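Here the protein sequences come in this chain order: A and B. All the letters of the first sequence, read from the start, carry residue numbers 1 to 340 under full-length UniProt numbering. All the letters of the second sequence, read from the start, carry residue numbers 1 to 340 under full-length UniProt numbering. Built from N, CA and C at the ideal position, the CB exists for glycine as well. Remember, predicted model here, so these are calculated numbers, not experimental data. Structure record follows, encoded as structure tokens.
There are 2 protein chains.
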Amino acid sequence: MKKETTSLKKLAQELNLSVSTISRALNDHPDISDSTKTKVQKLAAKLNYVPNIFAKGFRQHKTNIIGVIVPNITHYFTSTILKGILEEASLKGYRVIISESNNDAVKQTEMLKTMLQFNVDGILMSISKVTRQVDDILRIIDNVPLILFDKASNKIPCSQVVINEEESAYNAIEHLINIGKKRIAIIKENEYSYNSERRYAGYLRALKEHNIPIDEKIIISVDDISLRQGKRMTNLLLSIKNKPDAIFAITDSAAIGVIQTLKKFNIKIPEEIAIIGFSNSINSTIIEPMLTTIDQPGERMGATAVKYMIEEIENPNDIGNKTIELKGNLIIRDSTFKAS
Amino acid sequence: MKKETTSLKKLAQELNLSVSTISRALNDHPDISDSTKTKVQKLAAKLNYVPNIFAKGFRQHKTNIIGVIVPNITHYFTSTILKGILEEASLKGYRVIISESNNDAVKQTEMLKTMLQFNVDGILMSISKVTRQVDDILRIIDNVPLILFDKASNKIPCSQVVINEEESAYNAIEHLINIGKKRIAIIKENEYSYNSERRYAGYLRALKEHNIPIDEKIIISVDDISLRQGKRMTNLLLSIKNKPDAIFAITDSAAIGVIQTLKKFNIKIPEEIAIIGFSNSINSTIIEPMLTTIDQPGERMGATAVKYMIEEIENPNDIGNKTIELKGNLIIRDSTFKAS
DNA sequence: CTGAAAGCGCTTACAG
DNA sequence: CTGAAAGCGCTTACAG
Chain A
1 MKKETTSLKK
11 LAQELNLSVS
21 TISRALNDHP
31 DISDSTKTKV
41 QKLAAKLNYV
51 PNIFAKGFRQ
61 HKTNIIGVIV
71 PNITHYFTST
81 ILKGILEEAS
91 LKGYRVIISE
101 SNNDAVKQTE
111 MLKTMLQFNV
121 DGILMSISKV
131 TRQVDDILRI
141 IDNVPLILFD
151 KASNKIPCSQ
161 VVINEEESAY
171 NAIEHLINIG
181 KKRIAIIKEN
191 EYSYNSERRY
201 AGYLRALKEH
211 NIPIDEKIII
221 SVDDISLRQG
231 KRMTNLLLSI
241 KNKPDAIFAI
251 TDSAAIGVIQ
261 TLKKFNIKIP
271 EEIAIIGFSN
281 SINSTIIEPM
291 LTTIDQPGER
301 MGATAVKYMI
311 EEIENPNDIG
321 NKTIELKGNL
331 IIRDSTFKAS
Chain B
1 MKKETTSLKK
11 LAQELNLSVS
21 TISRALNDHP
31 DISDSTKTKV
41 QKLAAKLNYV
51 PNIFAKGFRQ
61 HKTNIIGVIV
71 PNITHYFTST
81 ILKGILEEAS
91 LKGYRVIISE
101 SNNDAVKQTE
111 MLKTMLQFNV
121 DGILMSISKV
131 TRQVDDILRI
141 IDNVPLILFD
151 KASNKIPCSQ
161 VVINEEESAY
171 NAIEHLINIG
181 KKRIAIIKEN
191 EYSYNSERRY
201 AGYLRALKEH
211 NIPIDEKIII
221 SVDDISLRQG
231 KRMTNLLLSI
241 KNKPDAIFAI
251 TDSAAIGVIQ
261 TLKKFNIKIP
271 EEIAIIGFSN
281 SINSTIIEPM
291 LTTIDQPGER
301 MGATAVKYMI
311 EEIENPNDIG
321 NKTIELKGNL
331 IIRDSTFKAS
């Protein structure tokens with residue numbers, strides 16, 4: 001049973017003032033005398049008054065809630081982004097409603113609709129891998145500010161906060177070239193995926209700029225870029241006659257599968273085959289040899305997305321359409337370079 | 001700029017009916033004729049009507065929002081619990097607001113207050129490690145259903161969903177005894193922590209029931225139970241004259257630190273020293289040797305907590321006060337038992 | 001079967 | 001400097 005909560009009305013009765021005056025006093029309105037203000041504020045504190053955000057939001061068409069949709073909350077990188085979102089939002093007085101799309105486009109649209117129903121002030125989204133139709137998403141944009149992060153899309157005209165995926169991948173490949181690797185394989189995603197496409201583009205550009213021929217036979221695409229697939233694809237790569245001398249797996253977990261398989265075959269890492277992943281997940285320092293990878297600033301990404309979101313919420317006229325790129329950072333470890 | 005949304009009023013005007021009738025038709029009220037109902041529902045669909053949950057909730061004193069407070073969203077186990085919470089809540093038509101306490105008791109109280117301000121229908125919480133004062137929490141209980149999960153407290157009279165921590169630890173220690181270990185160290189937490197206390201209790205009971213003397217010298221307490229501390233404490237354990245032949249670290253990350261240090265000193269695992277962790281995190285299968293640990297059903301814990309929560313929300317008279325224990329599952333791997 | 005009216009807790013233009 | 005009143009979008013007891 002909910003206890004009776006103190007409302008403006010109650011405070012008004014207690015002090016023999018009108019509800020309007022109480023409201024103004026609590027909001028520090030310039031019209032109200034200081035003596036009244038302190039009187040009201042004291043009583044409010046004493047009676048543990050908490051404004052009813054719903055009534056307020058309902059009245060002002062503002063809820064101070066930001067909706068967030070991510071494919072999978074249990075991915076470590078995603079959870080660090082969420083941490084950044086929560087922290088920044090909390091600082092600015094916003095609450096966050098989180099939903100998972102589970103990489104299901106239909107569910108994603110559903111979530112978007114519910115978010116609208118909850119009158120969120122804005123939506124932050126990392127789009128599902130299988131989002132082919134963006135029509136549903138575009139329709140939402142009309143009603144409420146939307147900002148995409150991490151898994152973005154150039155088909156959607158809105159602000160986007162991403163990692164410099166292409167450049168990071170480029171740097172990774174260049175590092176492999178610098179240590180003398182000449183035949184560099186990539187394990188990427190099959191389905192259209194923003195991250196995969198961008199990293200693949202960086203891979204291609206690096207090879208081209210260094211005049212290394214591109215060989216389709218060592219460009220491997222998989223459905224889901226998992227540890228298990230990393231293992232399977234390594235078996236495949238080892239079976240071709242002209243083996244690669246380096247493998248760039250576009251996620252850490254796949255890269256770890258690669259390492260585990262190479263170790264099974266007693267292939268020397270990095271001498272025979274070097275490996276690079278992407279994400280700097282915790283695992284990348286636990287696998288032996290430790291994995292060279294690209295660190296992504298998750299918390300900063302989340303905080304940045306929230307900042308731009310609040311900007312748009314508070315200035316509804318200039319809806320943004322810029323892409324903010326945060327820098328990934330190549331972390332060189334034993335899987336590409338032996339210190340000793 | 002928000003587009004004009006369709007309200008009951010608009011539908012009413014369009015159809016020359018009253019707002020009351022529209023409301024009833026949409027809610028499938030028995031009083032309304034079928035013909036009116038279909039007419040209204042068709043137009044609503046056509047005009048893309050979405051009810052304003054705030055007006056509704058405001059009116060009915062119900063928001064269909066569940067508040068969730070956790071110490072740290074980036075802990076893998078926590079994120080799996082959240083996944084379960086999100087899924088179950090979504091199925092039942094509830095949204096979830098998530099906040100992090102960062103193990104800060106003051107912030108935790110703040111979060112509780114904000115949750116109340118947002119009129120959440122109920123609060124699900126995993127309490128911060130440093131919660132000494134539960135007064136603030138107890139005050140909240142009066143206003144809204146509260147259920148604790150994972151990090152619980154017997155000082156708070158409310159339903160709690162936890163793992164059978166004590167029994168799981170007991171099983172872990174018994175397993176060590178079964179493989180012939182006689183001098184079993186534990187690395188646990190210093191500060192009061194529900195999980196640590198329960199696991200420690202299981203450790204003590206197992207030793208007692210198997211008539212193994214308890215030796216304070218190999219009962220190690222640390223401030224934060226991290227990988228780094230796992231390493232440091234292993235150094236300490238190796239420095240004492242009568243070394244342990246097994247180490248139970250109450251988290252996987254600490255256990256991994258233990259393994260890494262033992263490997264550095266070329267100590268054979270599990271022959272010389274066996275190791276058990278707790279959580280079955282992803283890391284536990286990547287470290288070599290793979291870690292024996294206790295698997296905790298995170299998603300099920302989250303879903304269970306939500307189920308009981310909705311129960312309490314919908315039957316405000318019988319506030320629960322039971323403890324639901326989910327079973328952890330000992331997963332035996334190479335760090336305690338060599339298959340070959 | 002349908003409608004008019006009150007009210008949820010708040011803010012704000014208007015009046016004094 | 002303060003108050004009375006309208007209204008945000010909805011539901012529901014009351015009336016017919």
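With a threshold of 9 Å between beta-carbons, can B:I65 be considered close to chain A, or not? By one-based count along the second sequence, residue 65 of chain B stands at place 65. Taking Cβ atoms only, chain A reaches closer than 9 Å to B:I65, which makes this a yes.
Mind pulling the chain A residues with CB within less than 8 Å of B:V50? If you number the second sequence from 1, residue 50 of chain B lands on position 50. Correct list: K113, L116, Q117.
Please confirm whether A:L176 and A:F248 have their CB atoms less than 9 Å apart. For this step, residue 176 of chain A is matched to residue 176 along the first sequence. For this step, residue 248 of chain A is matched to residue 248 along the first sequence. Their beta carbons are under 9 Å apart, which means A:L176 touches A:F248 by this criterion.
So with Cβ pairs under 9 Å, would you call A:G328 a contact of chain B? Position 328 of the first sequence, counting from 1, holds the residue named residue 328 of chain A. No, A:G328 lies away from the interface with chain B (no Cβ there is under 9 Å from its Cβ).
Which residues share a DSSP beta bridge with B:G328? Counting from one through the second sequence, the residue named residue 328 of chain B turns up at place 328. Answer is none; B:G328 lacks a bridge partner.
Hey, A:A274 and A:I179 are a contact pair by Cβ (cut 8 Å); roughly how many whole angstroms apart? Here the question's residue 274 of chain A lines up with position 274 in the first sequence. Here the question's residue 179 of chain A lines up with position 179 in the first sequence. Sure, about 7 Å apart at Cβ, within 8 Å.
Short of 8 Å in beta carbon distance, which residues of its chain neighbour B:I147, apart from the five on each side in sequence? Order them along the chain. To locate residue 147 of chain B, count along the second sequence from 1; it is residue 147. So the list reads G122, I123, L124, M125, C158, S159, Q160, V161, A305, Y308, M309, E312, G320, once near-sequence residues are dropped.
Got a sec: is the Cβ-Cβ distance from A:E288 to anything in chain B below 9 Å? The residue labelled residue 288 of chain A in the question sits at position 288 within the first sequence. Yes, A:E288 lies at the interface with chain B (some Cβ there is under 9 Å from its Cβ).
Would DSSP call A:Q296 helix, strand or coil? Along the first sequence, read from residue 1 onward, the residue named residue 296 of chain A stands at position 296. Reduced to three states, the DSSP call for A:Q296 is coil.
Nearest to B:A246 by CA position, among B:S239, B:I256, B:I286, B:E271, is which residue? As a position in the second sequence, residue 246 of chain B is number 246, starting the count at 1. When only C-alpha atoms are compared, the closest one is B:E271.
Pairs of beta-carbons, one from the segment 325-339 of chain A and one from the segment 89-109 of chain A, closer than 8 Å: are there three or more? no
If you measure from the beta carbon of A:V222 to each beta carbon in chain B, is any gap under 9 Å? The residue given as residue 222 of chain A occupies position 222 in the first sequence. Taking a beta-carbon distance threshold of 9 Å, A:V222 does not count as an interface residue toward chain B.
Per DSSP, which residues does B:T323 bridge with? Please list them. Translated into positions along the second sequence, residue 323 of chain B becomes position 323. Partner(s): B:Q160.
Can you tell me which of B:A169, B:I267, B:F118, B:I269 puts its alpha carbon nearest to the alpha carbon of B:K62? Within the second sequence, residue 62 of chain B is the residue found at index 62, counting from 1. If we check each option's Cα against that of B:K62, B:F118 comes out closest.
C-alpha distance - B:I267 paired with B:K241, whole-angstrom precision: Residue 267 of chain B sits at position 267 when you count from the first residue of the second sequence. Residue 241 of chain B sits at position 241 when you count from the first residue of the second sequence. Approximately 16 Å between the Cα atoms of the pair.
For a contact meaning CB atoms closer than 7 Å, what does A:A55 contact in chain B? Mapped onto the first sequence, residue 55 of chain A falls at position 55. Within chain B, the residues near A:A55 are F58.
Would you mind reading off the limits of the alpha helix (DSSP H) that contains B:I219? Indexing the second sequence from 1 puts residue 219 of chain B at position 219. B:I219 -> not in any alpha helix (DSSP H); beta strand (DSSP E) instead, spanning 219-222.
Quick check on B:L148: does DSSP put it in helix, strand or coil? Translated into positions along the second sequence, residue 148 of chain B becomes position 148. Strand at B:L148.
Since A:T114 contacts B:R95 with CB under 8 Å, what's their CB separation in whole angstroms? As a position in the first sequence, residue 114 of chain A is number 114, starting the count at 1. As a position in the second sequence, residue 95 of chain B is number 95, starting the count at 1. That pair is a contact at about 7 Å.
Output, in chain order, the set of chain B residues within a Cβ distance shorter than 7 Å of A:V96. As a first step, residue 96 of chain A must be located in the first sequence, where it is residue number 96. Those are I97, I98, listed as they occur along chain B.
Under 8 Å, with one C-beta from each stretch per pair, do the segment 127-142 of chain B and the segment 166-173 of chain B reach the 3-pair mark? Too few Cβ pairs lie closer than 8 Å, so no.
Beta carbon proximity, A:K10 to chain B, threshold 9 Å: Here the question's residue 10 of chain A lines up with position 10 in the first sequence. Not closer than 9 Å to any Cβ of chain B, the Cβ of A:K10 fails to qualify, so no.
With DSSP collapsed to three states, give me the class of A:V120. For the purposes of this step, residue 120 of chain A is taken as residue 120 along the first sequence, with counting starting at 1. It is coil, neither helix nor strand.
Unbroken beta strand (DSSP E) run spanning A:K9, endpoints: Reading the first sequence from its first residue, position 9 is the one you call residue 9 of chain A. Premise fails: A:K9 lies in the alpha helix (DSSP H), 8-15, not in any beta strand (DSSP E).
Under 9 Å (Cβ pairs) to chain A, residues found in the segment 247-261 of chain B: S253, I256, Q260
What are the partner residues of B:R205, as DSSP defines its beta bridges? The count along the second sequence starts at 1 and reaches residue 205 of chain B at position 205. Beta-bridge analysis with DSSP links B:R205 to no other residue.
Which bits of chain A does B:L82 rub up against, with CB to CB less than 7 Å? Residue mapping note: residue 82 of chain B aligns to position 82 of the second sequence, counting from 1. Scanning chain A for C-beta atoms nearer than 7 Å to the C-beta of B:L82 yields I73, reported in chain order.
Could you give the distance in angstroms between the alpha-carbon of A:T74 and the alpha-carbon of B:T292? In the first sequence, the residue the question calls residue 74 of chain A occupies position 74. In the second sequence, the residue the question calls residue 292 of chain B occupies position 292. Roughly 22 Å separates the two Cα atoms.
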